[in-house]
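The structure under discussion appears below in the form of structure tokens.
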Amino acid sequence: MKSNQLKEVALNQFALHGYQGASLASIANEVGIKKQSIYAHFKSKEDLFISTFNDSLENELQFIKQFMEENHSVPLEEVLYNFLNEYLGRYQKDHNMSFFMRTSFFPPLEFEEQIKIGTNTFVNELESLFLLVFKDRKADLKSNLAPESAMLSFLTIFDGLLVELLYGFPNRLQKRLTNSWNVYWQGITK
Numbered sequence: 035m036k037s038n039q040l041k042e043v044a045l046n047q048f049a050l051h052g053y054q055g056a057s058l059a060s061i062a063n064e065v066g067i068k069k070q071s072i073y074a075h076f077k078s079k080e081d082l083f084i085s086t087f088n089d090s091l092e093n094e095l096q097f098i099k100q101f102m103e104e105n106h107s108v109p110l111e112e113v114l115y116n117f118l119n120e121y122l123g124r125y126q127k128d129h130n131m132s133f134f135m136r137t138s139f140f141p142p143l144e145f146e147e148q149i150k151i152g153t154n155t156f157v158n159e160l161e162s163l164f165l166l167v168f169k170d171r172k173a174d175l176k177s178n179l180a181p182e183s184a185m186l187s188f189l190t191i192f193d194g195l196l197v198e199l200l201y202g203f204p205n206r207l208q209k210r211l212t213n214s215w216n217v218y219w220q221g222i223t224k
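My numbering numbers the first residue of the sequence shown as 35 and each following residue consecutively.
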């Protein structure tokens, strides 16, 4: 149980302060143990960080899979637009998502390769999940548009919106979401 508690507290610390700014002493204190006791569960701060990142990756994928399951019968336009709004809206409210995004976009140099592998796992899974959505609703697309092309274009917009989420301001994010969505939807359906 302490391992999970440590990872939960570490997730919040890493999300708020990054790898360098998070302190094992603060994490241990918040869990109610001595700093040295962390080493009974994790070899090092690095080990705790990577374990926390891997859990956050799984949690993000689980969120998306659950969203897809709950929206399996929703029309394509609605499921895609709702996904963008819901996923982007989680950033300020969900430490798991903010930690995962910050770490994926700004990995600590010493973990860059490991984080890239995890982030690529996330992207590959996203592509698989959304390809199924587009294949299941192929009738909503232009007759000559391949589901894979529609999926890749959608995820490219999603990537751009994530960058805006991290670097921009909420009003600009909403403006970009609304405008890019309108152009995208018209392009794949008319």
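Glycine residues also receive a C-beta, built at the ideal position from the N, C-alpha and C atoms.
The model shown is predicted, which means the values in this text are computed figures rather than measured ones.
If you run the structure through DSSP and keep just helix, strand and coil, what is residue i?
i    : result
K172 : helix
V197 : helix
P141 : coil
F76  : coil
F188 : helix
Q148 : helix
According to the Cβ coordinates, are residue i and residue j closer than 8 Å?
i    : j    : result
M135 : L200 : yes
L139 : A49  : With the sequence shown as reference, residue 139 is identified as Phe, and Leu is not the correct amino acid for it. No, they are not a contact pair.
K41  : D89  : yes
Q39  : S60  : no
L118 : T86  : no
I67  : K36  : yes
I191 : S214 : yes
T223 : D174 : yes
F156 : L91  : yes
R210 : L189 : no
L165 : K99  : no
Can you name the start and end residues of the alpha helix (DSSP H) that residue i belongs to?
i    : result
I84  : 79-104
I67  : Element bounds for I67: n/a, residue is neither H nor E.
G52  : 36-55
L114 : 110-123
K224 : Segment: none, K224 is in no alpha helix (DSSP H) and carries neither H nor E.
Could you say if the stretch 156-170 and the stretch 102-119 meet the contact criterion of at least three C-beta pairs nearer than 8 Å? yes
At a cut of 8 Å, does the stretch 207-222 reach the stretch 182-193 through at least three beta carbon pairs? yes
Can you find at least 3 beta carbon pairs, one from the stretch 110-130 and one from the stretch 195-212, that sit closer than 8 Å? yes
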